[in-house]
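Residues in the sequence shown are numbered from 59 upward in steps of one, following my numbering.
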Amino acid sequence: MAKSEFPGWHGTTIIGVRKGDEVVVAGDGQVSLGQTVIKGTARKVRRLSPGGHDVVCGFAGSTADAFTLLERLEKKLEATPGQLARAAVELAKDWRTDKYLQKLEAMLIVTDGKELLVITGAGDVLEPEHGIAAIGSGGNFALAAARGMMDGELSAEEVARKAMAIAADICVYTNGNLTVERIRS
Numbered sequence: 059m060a061k062s063e064f065p066g067w068h069g070t071t072i073i074g075v076r077k078g079d080e081v082v083v084a085g086d087g088q089v090s091l092g093q094t095v096i097k098g099t100a101r102k103v104r105r106l107s108p109g110g111h112d113v114v115c116g117f118a119g120s121t122a123d124a125f126t127l128l129e130r131l132e133k134k135l136e137a138t139p140g141q142l143a144r145a146a147v148e149l150a151k152d153w154r155t156d157k158y159l160q161k162l163e164a165m166l167i168v169t170d171g172k173e174l175l176v177i178t179g180a181g182d183v184l185e186p187e188h189g190i191a192a193i194g195s196g197g198n199f200a201l202a203a204a205r206g207m208m209d210g211e212l213s214a215e216e217v218a219r220k221a222m223a224i225a226a227d228i229c230v231y232t233n234g235n236l237t238v239e240r241i242r243s
């Protein structure tokens with residue numbers, strides 16, 4: 059089956075929320091193939107600890123591609139301990155220029171508690187405005203919901219959980235089975 063004929067994997071909403079000294083990354087567990095839910099409990103948010111420095115990552119897109127990128131990111135972090143932005147830029151450069159990596163279809167949200175970044179295959183390393191990053195099928199729904207809650211008394215985790223619940227109510231490729239990782243600056 060040619061790639062253009064393949065119905066494609068859909069699913070995933072990942073959100074990163076920074077509020078005060080806390081950053082939370084939350085992701086749903088749904089993986090869909092076309093109109094069929096294949097799995098509802100996938101774990102798309104992970105904690106890496108290269109060189110003893112905690113980094114939380116969430117991914118959207120192809121799982122195998124995302125794992126390849128996470129492995130590469132971990133190596134970059136080991137080479138530049140405590141320098142998430144530098145490691146992210148190095149990964150984005152490799153992703154953009156390496157013929158093998160160019161074919162990878164995924165996006166990453168990464169944080170070390172100080173920085174919150176989105177890394178894309180177009181070579182982008184973006185620091186989102188308003189302390190919120192969101193990717194995946196329901197990313198825009200979660201982003202809008204979180205922005206609406208940021209001025210209130212809710213913690214970063216409460217904002218992330220409520221925004222994900224709203225996204226799951228709207229996006230058919232997002233469910234309410236969350237993985238949540240928290241990190242402090």
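Using N, Cα and C, we set each Cβ at its ideal position, and we do this for glycine too. Model, not experiment: these values are computed from the prediction.
Bounds of the beta strand (DSSP E) holding methionine 165 are 164–169. Note on geometry: alpha-carbon atoms of alanine 203 and threonine 178 lie some 23 angstroms from one another. Taken through DSSP and simplified to helix, strand or coil, alanine 84 comes out as strand.
In the three-state reduction of the DSSP assignment, glycine 206 falls in the helix class.
Each residue's CA atom was taken as its position, placing threonine 155 and glycine 210 some 43 angstroms apart.
Under the DSSP assignment, glutamate 211 falls outside any alpha helix (DSSP H); it carries neither an H nor an E label. By the neighbour-count criterion, in which a residue is buried when 16 or more other Cβ atoms sit within 10 angstroms of its Cβ, glutamate 148 is buried.
In the DSSP annotation of this structure, threonine 99 is not part of any alpha helix (DSSP H), being labelled neither H nor E. For aspartate 123, the closest C-alpha among the options Lys134, Leu106 and Trp153 is that of Trp153. Taking a C-beta distance under 7 angstroms as the contact criterion, phenylalanine 117 and alanine 192 do not qualify as a contact pair. Counting every other CB atom within 10 Å of its CB across the protein chains shown gives isoleucine 96 a total below 16, marking it as exposed.
Distance from the CA of glycine 110 to the CA of leucine 162, rounded to the nearest whole angstrom, comes to 28 angstroms.
Under the three-state reduction of DSSP output, valine 183 falls in the strand class.
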